[in-house]
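There are 2 protein chains.
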Amino acid sequence: MIRKSDKPLQITEVSLRDGSHAVAHQFTESQIRSAVRALDEAGVHNIEVSHGDGLGGSTLQYGRSLIDEMKLIEAAVEESKQSRIAVLLLPGIGTVHELKQAHSLGASLVRVATHVTEADVSAQHLHMARELGMEAIGFLMMSHSAPVAKLVEQAKLMESYGAEAVYVTDSAGALLPHQVKERIEALRGSLSIEIGFHAHNNLSLAVANTLVAIEEGATRIDGSVRCLGAGAGNTQTEVLVAVLQKMGINTGIDLYRMMDLAEHIIGPMLHRPQEILTGSLVMGYAGVYSSFLLHAERAGKRFGIDSRDILVELGRRGIIGGQEDMILDVAAELAHKSKSEVL
Amino acid sequence: MIRKSDKPLQITEVSLRDGSHAVAHQFTESQIRSAVRALDEAGVHNIEVSHGDGLGGSTLQYGRSLIDEMKLIEAAVEESKQSRIAVLLLPGIGTVHELKQAHSLGASLVRVATHVTEADVSAQHLHMARELGMEAIGFLMMSHSAPVAKLVEQAKLMESYGAEAVYVTDSAGALLPHQVKERIEALRGSLSIEIGFHAHNNLSLAVANTLVAIEEGATRIDGSVRCLGAGAGNTQTEVLVAVLQKMGINTGIDLYRMMDLAEHIIGPMLHRPQEILTGSLVMGYAGVYSSFLLHAERAGKRFGIDSRDILVELGRRGIIGGQEDMILDVAAELAHKSKSEVL
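Keeping their order, the protein sequence lines are chains F and Y. Mapping to the UniProt record's numbering: the first sequence position 331 is 331, numbers consecutive. Mapping to the UniProt record's numbering: the second sequence position 309 is 309, numbers consecutive.
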């Protein structure tokens, strides 16, 4: 593979943050400590530790964490010798207050995440991160759902707020390889900062999409050991490291240590294996939020139609989080349409 | 995606054959019946039913089947209305005797499988298949381990024996996307018959490699629902169907039915989830047979070295099945080398 960037790759392990969803936010302090110690020894560059929905996510709405994330961040910083500890922040859920607290505990990197069309809400937090001396990174979620030009526009906004890298975040695992290529390519032509890629494995394409992103010049790559993450999970870090090594791309990460910690440290944390089941497959196929699944099932039952048709239609219309009231409307419309077709 | 062949895609479901390994050859007749019925209703073109190691594989050496495969083939033929029932035959394990028997029960398609360098042993069986009026297909296993020119030479041999299609079979899940591309491309330039691709998911690249193969002109594609297959399993059929549909490529297969049978029919058959664990990852990374894993572990213990180093060296040397006595030699050599390096 010929990479279109000569910067070294930086891998960010997200199992202790995105994986929080997969364990219903029940990480214990000792789990975080042993995972960080092992990841650090294996040479992983960055380790993200936060509630699954970012700083401040431990609420009734998003799911209460077993252990306060600040305690987990503190523990992670204590255990890490070389790896940097990262945090995630979704403006509106987390605030600059939590950001300052995480920074004071030793987190040195923050990813400020917004919906792909709403980069403007990240300004304050990216500025504050820079002010604090943290590395400030933009994270454009549901990147599949916006046209490429829109994605570029929003990434440039984040750059203007001080972001040192911007991520294409495939939250629904909905991107196809050629769509990753065109997105990273377009950003490389428009930004002067680094480009990142965060994949989900709903369509079993996370590793392959990540390779495409790396080839096109992405240098910040997210992975999760054993795919421990929301939905079908993320790019399986230890597999990615093996594939890159096989391709002659050195990440500086120790493959055998990664295999060992996948088996002995992260494996036992899994509540269930990260297979691709109907729910996550539909999510990737339709390109919708996982939170829509339950709503669509209810609406499907009510109107006597297949919930998957509702999800596909929601994806087609680009309905986003916060617009859940649209689900019933779409279901009613589809039901009406299918009735007309029968008549 | 622009496909380099205008022939329709033919999907062959291998969970009831390759998946036999994953369930220790314990398929029951009623499992086969319900799976075939559902796959047939979903519109899957071909369904392979045999012992994991092909016809005649039910032995002490390869593992005894719970139910005689001829009984399973007969049941599959009975349940299928449109799907063709395929069988696998490895010359040396299966013979023309079993082939005739499978044919008399209604199997209409045989894949004759040899190591990538040993196509010559398939002549008799491919000829016989044609004589019987079955569709005769060549299956070149461990295709990653031979140079492209060798693969082409061997595929041409199979074509000369009457094969109507030849498969690139990535038995160890060791191929990278660019290696799939160069292999399918080379075959397309040299054969006048159809080209097939059979992937394993050891490096989490099965679906992506399959897309590359289809783009380059492969028209015969193997998949297994829920990845039910040896090692990390195969290209997950229902995921592939979703991805192709998303790309605008119609397989004629009903996606929702595939999702439903994945959840309700095949899912309950799984003895364990098809995750990518150390064993299968090392296999894909090193490009070796799964049967080497245990041997390498024993040799590693005996010589005090990491079994993974042995496997990588075996892959580098292209050691194949039947050469297991080399494993101790390689281990001894590596141990000697590492001792010299310390001194």
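Cβ atoms here follow ideal geometry from the backbone N, Cα and C, with glycine treated the same way.
Are any of the Cβ atoms in chain Y nearer than 9 Å to that of residue i?
i	result
H115/F	no
R226/F	yes
V148/F	no
P91/F	no
V282/F	yes
K246/F	yes
N46/F	no
Y285/F	yes
P8/F	no
L334/F	no
H198/F	no
Q236/F	yes
N201/F	yes
V243/F	yes
L205/F	yes
M142/F	no
R308/F	yes
L55/F	no
Can you have a look at residue i and say buried or exposed, based on whether 16 or more other CB atoms are within 10 angstroms of its CB?
i	result
A24/Y	exposed
T59/F	exposed
L294/F	exposed
N250/F	exposed
E216/F	buried
Q61/Y	exposed
D68/Y	exposed
H264/Y	exposed
R317/Y	exposed
H97/F	exposed
I2/Y	exposed
G92/Y	exposed
D222/F	buried
D170/Y	buried
E238/Y	buried
S122/Y	buried
By how many angstroms is the C-alpha of residue j removed from the C-alpha of residue i?
i	j	result
R308/Y	T219/Y	36 Å
A87/F	R17/F	Checking the displayed sequence, the identity of residue 87/F turns out to be Val instead of Ala. Rounded to whole angstroms, V87/F to R17/F spans 8 Å at the Cα level.
E29/F	Q236/F	23 Å
residue 393/Y	E194/Y	With chain Y represented from 1 up to 343, any question about residue 393/Y goes unanswered, as that position is not in the structure.
K81/F	K71/F	18 Å
E324/F	E297/F	13 Å
S244/F	N209/F	The question names Ser, yet the displayed sequence has Leu at residue 244/F. Near 13 Å, if we compare the C-alpha coordinates of N209/F and L244/F.
S83/F	N202/F	28 Å
A242/F	S65/Y	35 Å
G267/Y	I85/Y	21 Å
E164/F	A35/F	27 Å
L154/Y	G173/Y	What sits at residue 154/Y in the sequence shown is Gln, not Leu. Using only the alpha carbons, I get a separation of about 20 Å.
G284/F	L175/F	8 Å
R257/Y	L277/F	13 Å
K7/F	I214/F	11 Å
G133/F	K100/F	11 Å
V148/F	H271/Y	43 Å
E41/Y	D254/Y	8 Å
I think residue i touches residue j, with their Cβ atoms under 8 Å apart; what is that distance to the nearest whole Å?
i	j	result
L261/F	A38/F	4 Å
residue 362/Y	K156/Y	No information on residue 362/Y is available, as it lies outside the stretch 1 to 343 that chain Y covers here.
E275/F	P273/Y	5 Å
A332/F	F292/F	Contact flag wrong, Cβ pair sits at about 16 Å.
L109/Y	I73/Y	Actually they are not in contact, since the Cβ atoms of L109/Y and I73/Y sit about 12 Å apart, beyond 8 Å.
L55/F	L89/F	5 Å
I305/F	S338/F	6 Å
G138/F	V168/F	Contact flag wrong, Cβ pair sits at about 10 Å.
G231/Y	S290/Y	6 Å
Looking at chain F, is there any beta carbon in it that lies within less than 9 Å of the beta carbon of residue i?
i	result
R33/Y	no
residue 406/Y	Missing from the structure shown is residue 406/Y; chain Y here goes from 1 to 343 and no further.
R257/Y	no
T278/Y	yes
G267/Y	yes
V23/Y	no
E13/Y	no
V239/Y	yes
M70/Y	no
E263/Y	yes
residue 344/Y	The requested residue 344/Y does not occur in the structure, where chain Y is confined to residues 1 to 343.
Looking at C-beta atoms only, is the number of pairs between the region 169 to 181 of chain Y and the region 133 to 149 of chain Y that lie closer than 8 Å three or more? yes
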